[in-house]
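The structure under discussion appears below in the form of C-alpha coordinates.
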Amino acid sequence: MSVRHVVGTLHKRVLKQMLLRLQLHEFLKNELPVIAGYVGLDLSPLSEGGYQLKIYAKNPGIVIGPKGRRARELIRKIAERFKLENVRINVEEVKDASLNAQLLAEEIARAILRGVSIRRVAYSVMNKVMQEGALGVEIRIKGKLQKRRAKKYRFAKGMLIHSGDPAYKYVDVGRASILVKTGVIGVRVTIVKPIAKLPDRIAVKSLEEVGGDIEKFKQLVEEEAKKAFITLEEVRGEAEILEEGEE
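Dropping the structure here:
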(Lines of atoms letter the chains of each structure in order from A and count residues from 1; the text may use other names and numbers.)
(Lines give C-alpha, C1' and ligand atoms only; values in the text may rest on other atoms or scores of the structure.)
Protein backbone atom coordinates (compact mmCIF):
# COMPACT_ATOMS: atom_id res chain seq x y z
CA MET A 1 0.00 0.00 0.00
CA SER A 2 1.52 3.33 -1.06
CA VAL A 3 1.98 6.32 1.20
CA ARG A 4 -0.23 8.41 -1.08
CA HIS A 5 -3.06 5.90 -0.71
CA VAL A 6 -2.75 5.89 3.10
CA VAL A 7 -2.73 9.69 3.30
CA GLY A 8 -5.71 9.94 0.94
CA THR A 9 -7.70 7.42 2.97
CA LEU A 10 -6.91 9.25 6.23
CA HIS A 11 -7.86 12.58 4.64
CA LYS A 12 -11.25 11.21 3.54
CA ARG A 13 -11.85 9.73 6.99
CA VAL A 14 -11.14 13.07 8.71
CA LEU A 15 -13.40 14.98 6.31
CA LYS A 16 -16.17 12.43 6.84
CA GLN A 17 -15.92 12.81 10.61
CA MET A 18 -15.92 16.62 10.38
CA LEU A 19 -19.02 16.54 8.18
CA LEU A 20 -20.75 14.14 10.58
CA ARG A 21 -19.92 16.41 13.53
CA LEU A 22 -21.41 19.42 11.72
CA GLN A 23 -24.58 17.47 10.87
CA LEU A 24 -24.93 16.25 14.46
CA HIS A 25 -24.45 19.79 15.75
CA GLU A 26 -27.30 21.11 13.61
CA PHE A 27 -29.46 18.14 14.57
CA LEU A 28 -28.94 18.69 18.32
CA LYS A 29 -29.56 22.44 17.99
CA ASN A 30 -33.00 21.71 16.53
CA GLU A 31 -33.78 18.65 18.67
CA LEU A 32 -32.89 19.89 22.16
CA PRO A 33 -35.09 22.47 23.92
CA VAL A 34 -33.74 26.00 24.37
CA ILE A 35 -33.75 25.63 28.16
CA ALA A 36 -31.11 22.87 27.85
CA GLY A 37 -28.55 25.51 26.85
CA TYR A 38 -26.85 23.35 24.23
CA VAL A 39 -23.44 24.75 23.21
CA GLY A 40 -21.63 22.14 21.15
CA LEU A 41 -20.24 18.61 21.01
CA ASP A 42 -17.07 16.58 20.63
CA LEU A 43 -17.11 13.51 18.41
CA SER A 44 -14.62 10.68 18.83
CA PRO A 45 -14.59 7.19 17.24
CA LEU A 46 -14.78 4.10 19.46
CA SER A 47 -12.31 1.24 19.20
CA GLU A 48 -15.13 -1.28 18.80
CA GLY A 49 -16.84 0.83 16.12
CA GLY A 50 -19.32 3.68 16.32
CA TYR A 51 -18.92 7.07 17.97
CA GLN A 52 -18.80 8.69 21.38
CA LEU A 53 -20.69 11.98 21.60
CA LYS A 54 -19.76 14.41 24.36
CA ILE A 55 -22.51 17.03 24.54
CA TYR A 56 -21.87 20.36 26.29
CA ALA A 57 -24.92 22.06 27.77
CA LYS A 58 -25.83 24.54 30.47
CA ASN A 59 -28.42 22.16 31.95
CA PRO A 60 -27.29 18.53 31.47
CA GLY A 61 -30.37 17.22 33.26
CA ILE A 62 -32.60 18.58 30.49
CA VAL A 63 -30.49 16.81 27.85
CA ILE A 64 -30.57 13.50 29.71
CA GLY A 65 -34.24 13.73 30.64
CA PRO A 66 -36.15 11.85 33.38
CA LYS A 67 -34.43 8.50 33.99
CA GLY A 68 -32.34 9.05 30.86
CA ARG A 69 -35.38 8.97 28.57
CA ARG A 70 -34.38 11.88 26.33
CA ALA A 71 -30.78 10.60 26.01
CA ARG A 72 -32.02 7.18 24.86
CA GLU A 73 -34.38 8.86 22.40
CA LEU A 74 -31.49 10.93 21.04
CA ILE A 75 -29.38 7.80 20.56
CA ARG A 76 -32.22 6.11 18.68
CA LYS A 77 -32.85 9.10 16.39
CA ILE A 78 -29.14 9.62 15.68
CA ALA A 79 -28.65 5.93 14.86
CA GLU A 80 -31.59 5.96 12.45
CA ARG A 81 -30.93 9.28 10.78
CA PHE A 82 -27.15 8.99 10.35
CA LYS A 83 -26.99 5.19 9.91
CA LEU A 84 -24.76 4.65 12.97
CA GLU A 85 -24.80 1.30 14.73
CA ASN A 86 -23.04 2.09 18.01
CA VAL A 87 -23.67 5.52 19.56
CA ARG A 88 -22.82 6.57 23.10
CA ILE A 89 -23.73 9.91 24.67
CA ASN A 90 -21.98 11.70 27.51
CA VAL A 91 -23.35 15.04 28.72
CA GLU A 92 -21.05 17.57 30.41
CA GLU A 93 -22.07 20.81 32.09
CA VAL A 94 -20.68 24.02 30.64
CA LYS A 95 -18.30 25.74 33.04
CA ASP A 96 -18.70 29.50 33.55
CA ALA A 97 -21.94 29.69 31.59
CA SER A 98 -22.06 33.47 32.10
CA LEU A 99 -18.76 33.74 30.17
CA ASN A 100 -19.61 31.26 27.41
CA ALA A 101 -19.68 33.11 24.10
CA GLN A 102 -21.92 30.58 22.36
CA LEU A 103 -24.59 30.69 25.07
CA LEU A 104 -24.57 34.49 25.05
CA ALA A 105 -24.82 34.62 21.24
CA GLU A 106 -27.88 32.34 21.40
CA GLU A 107 -29.34 34.51 24.17
CA ILE A 108 -28.92 37.68 22.09
CA ALA A 109 -30.45 36.02 19.03
CA ARG A 110 -33.53 34.90 20.99
CA ALA A 111 -33.93 38.38 22.49
CA ILE A 112 -33.85 39.98 19.02
CA LEU A 113 -36.39 37.43 17.84
CA ARG A 114 -38.70 38.48 20.71
CA GLY A 115 -38.41 42.10 19.57
CA VAL A 116 -36.04 43.41 22.25
CA SER A 117 -34.02 46.47 21.24
CA ILE A 118 -30.61 45.51 19.85
CA ARG A 119 -28.75 48.18 21.81
CA ARG A 120 -30.52 47.24 25.01
CA VAL A 121 -29.71 43.54 24.83
CA ALA A 122 -26.12 44.18 23.66
CA TYR A 123 -25.26 46.58 26.49
CA SER A 124 -26.97 44.30 29.01
CA VAL A 125 -24.87 41.31 27.94
CA MET A 126 -21.65 43.35 27.82
CA ASN A 127 -22.13 44.69 31.35
CA LYS A 128 -22.88 41.20 32.66
CA VAL A 129 -19.78 39.75 31.03
CA MET A 130 -17.49 42.48 32.37
CA GLN A 131 -18.93 42.07 35.87
CA GLU A 132 -17.93 38.40 35.74
CA GLY A 133 -14.30 39.44 35.32
CA ALA A 134 -13.76 39.23 31.55
CA LEU A 135 -10.98 41.43 30.17
CA GLY A 136 -12.99 42.39 27.12
CA VAL A 137 -16.09 41.63 25.05
CA GLU A 138 -17.23 42.40 21.52
CA ILE A 139 -20.69 41.89 20.03
CA ARG A 140 -21.35 42.10 16.29
CA ILE A 141 -24.86 41.94 14.85
CA LYS A 142 -25.58 42.18 11.15
CA GLY A 143 -28.30 41.30 8.69
CA LYS A 144 -31.58 42.64 7.36
CA LEU A 145 -32.63 44.39 10.53
CA GLN A 146 -34.80 46.75 8.52
CA LYS A 147 -37.07 46.09 5.59
CA ARG A 148 -34.99 47.68 2.87
CA ARG A 149 -31.31 47.20 3.58
CA ALA A 150 -28.87 45.24 5.71
CA LYS A 151 -27.22 46.91 8.67
CA LYS A 152 -24.28 46.24 10.99
CA TYR A 153 -23.89 46.90 14.71
CA ARG A 154 -20.70 46.61 16.73
CA PHE A 155 -20.48 46.94 20.51
CA ALA A 156 -17.21 46.55 22.42
CA LYS A 157 -15.88 47.02 25.92
CA GLY A 158 -12.52 46.40 27.55
CA MET A 159 -9.47 44.90 25.85
CA LEU A 160 -9.71 42.75 22.72
CA ILE A 161 -7.20 40.30 21.21
CA HIS A 162 -7.46 39.52 17.50
CA SER A 163 -4.38 37.48 16.64
CA GLY A 164 -1.44 35.49 17.93
CA ASP A 165 -1.14 32.73 20.49
CA PRO A 166 -3.05 34.67 23.22
CA ALA A 167 -6.06 34.93 20.89
CA TYR A 168 -6.00 31.16 20.40
CA LYS A 169 -5.68 30.43 24.14
CA TYR A 170 -7.79 33.07 25.85
CA VAL A 171 -10.51 34.19 23.39
CA ASP A 172 -13.90 32.50 23.21
CA VAL A 173 -16.07 33.07 20.13
CA GLY A 174 -19.75 32.20 19.71
CA ARG A 175 -22.03 32.54 16.70
CA ALA A 176 -25.79 32.34 16.27
CA SER A 177 -28.29 33.18 13.54
CA ILE A 178 -32.03 33.69 13.40
CA LEU A 179 -34.52 33.91 10.58
CA VAL A 180 -36.96 36.82 10.75
CA LYS A 181 -39.45 38.22 8.25
CA THR A 182 -36.89 40.60 6.74
CA GLY A 183 -34.17 37.93 6.34
CA VAL A 184 -31.35 36.32 8.32
CA ILE A 185 -29.65 38.07 11.25
CA GLY A 186 -26.23 36.91 12.46
CA VAL A 187 -24.79 37.40 15.95
CA ARG A 188 -21.11 37.04 16.87
CA VAL A 189 -19.84 37.32 20.46
CA THR A 190 -16.14 37.47 21.35
CA ILE A 191 -14.97 37.27 24.98
CA VAL A 192 -11.43 37.65 26.36
CA LYS A 193 -11.31 35.30 29.34
CA PRO A 194 -10.36 36.55 32.83
CA ILE A 195 -7.41 34.12 32.98
CA ALA A 196 -5.71 35.73 29.99
CA LYS A 197 -1.97 36.27 30.54
CA LEU A 198 -0.54 38.59 27.93
CA PRO A 199 3.18 38.65 27.15
CA ASP A 200 3.32 42.46 27.22
CA ARG A 201 1.65 42.72 30.62
CA ILE A 202 4.03 42.38 33.60
CA ALA A 203 2.65 42.28 37.13
CA VAL A 204 5.00 43.91 39.68
CA LYS A 205 4.47 42.87 43.29
CA SER A 206 4.76 45.31 46.18
CA LEU A 207 7.50 44.99 48.85
CA GLU A 208 4.90 43.86 51.37
CA GLU A 209 3.88 40.98 49.09
CA VAL A 210 7.42 39.76 48.45
CA GLY A 211 9.00 40.56 51.84
CA GLY A 212 9.25 36.91 52.85
CA ASP A 213 10.51 35.90 49.41
CA ILE A 214 13.35 38.45 49.61
CA GLU A 215 14.62 36.98 52.90
CA LYS A 216 14.50 33.48 51.45
CA PHE A 217 16.37 34.70 48.39
CA LYS A 218 19.09 36.30 50.56
CA GLN A 219 19.57 33.07 52.51
CA LEU A 220 19.80 31.09 49.30
CA VAL A 221 22.40 33.46 47.85
CA GLU A 222 24.51 33.29 51.02
CA GLU A 223 24.42 29.49 51.05
CA GLU A 224 25.40 29.28 47.39
CA ALA A 225 28.21 31.81 47.94
CA LYS A 226 29.65 29.68 50.76
CA LYS A 227 29.66 26.65 48.48
CA ALA A 228 31.13 28.44 45.48
CA PHE A 229 33.89 30.55 47.06
CA ILE A 230 36.79 29.68 49.36
CA THR A 231 37.06 31.77 52.52
CA LEU A 232 40.08 33.97 53.17
CA GLU A 233 41.28 31.76 56.02
CA GLU A 234 41.27 28.71 53.75
CA VAL A 235 43.27 30.59 51.13
CA ARG A 236 45.89 31.64 53.71
CA GLY A 237 46.11 28.09 55.04
CA GLU A 238 46.72 26.67 51.58
CA ALA A 239 49.38 29.35 50.87
CA GLU A 240 51.30 28.45 54.07
CA ILE A 241 51.25 24.77 53.15
CA LEU A 242 52.67 25.55 49.72
CA GLU A 243 55.49 27.68 51.22
CA GLU A 244 56.50 24.92 53.65
CA GLY A 245 56.59 22.43 50.82
CA GLU A 246 58.93 24.64 48.79
CA GLU A 247 61.38 24.97 51.73
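Numbering (my numbering), first residue to last: 30 to 276. The C-beta atom is built at its ideal place from N, Cα and C for all residues, glycine as well.
Burial state of residue i, where buried means 16 or more other Cβ atoms lie within 10 Å
{"i": "Val282", "result": "The structure shown does not extend to residue 282, since the chain spans only 30 to 276, so no value can be given for it."}
{"i": "Val120", "result": "buried"}
{"i": "Gln131", "result": "buried"}
{"i": "Thr219", "result": "buried"}
{"i": "Val43", "result": "exposed"}
Simplified DSSP assignment, three categories, for residue i
{"i": "Pro62", "result": "coil"}
{"i": "Arg98", "result": "helix"}
{"i": "Ser146", "result": "coil"}
{"i": "Met171", "result": "Checking the sequence, you will find Lys at residue 171 rather than Met. It is a strand residue."}
{"i": "Lys83", "result": "strand"}
{"i": "Pro74", "result": "strand"}
{"i": "Val283", "result": "Because the chain in this structure spans residues 30 to 276, residue 283 falls outside the shown range and cannot be described."}
{"i": "Glu244", "result": "helix"}
{"i": "Arg42", "result": "helix"}
{"i": "Asn129", "result": "coil"}
{"i": "Glu122", "result": "strand"}
Reference residue i, options the options, closest by Cα
{"i": "Lys112", "options": "Tyr80, Val250, Val63", "result": "Tyr80"}
{"i": "Glu167", "options": "Lys180, Arg139, Ile141, Leu133", "result": "Leu133"}
{"i": "Arg149", "options": "Gly162, Glu161, Gln131, Ile170", "result": "Ile170"}
{"i": "Lys157", "options": "Val68, Ile137, Met47", "result": "Ile137"}
{"i": "Val68", "options": "Ile190, Arg204, Glu114, Leu48", "result": "Arg204"}
{"i": "Thr211", "options": "Lys180, Ala196, Val200", "result": "Lys180"}
Beta carbon of residue i nearer than 8 Å to that of residue j
{"i": "Lys222", "j": "Leu128", "result": "yes"}
{"i": "Ala126", "j": "Lys87", "result": "yes"}
{"i": "Arg98", "j": "Val92", "result": "no"}
Proximity test, residue i beta-carbon vs the ligand GTP heavy atom, cut-off 7 Å
{"i": "Arg105", "result": "The ligand GTP is absent from the structure shown, which contains no ligand whatsoever."}
For this session: Only counting runs of 4 or more residues, tell me where the alpha helix (DSSP H) segments fall wholly within the segment 178-221, in order along the chain.
Result: 193-199
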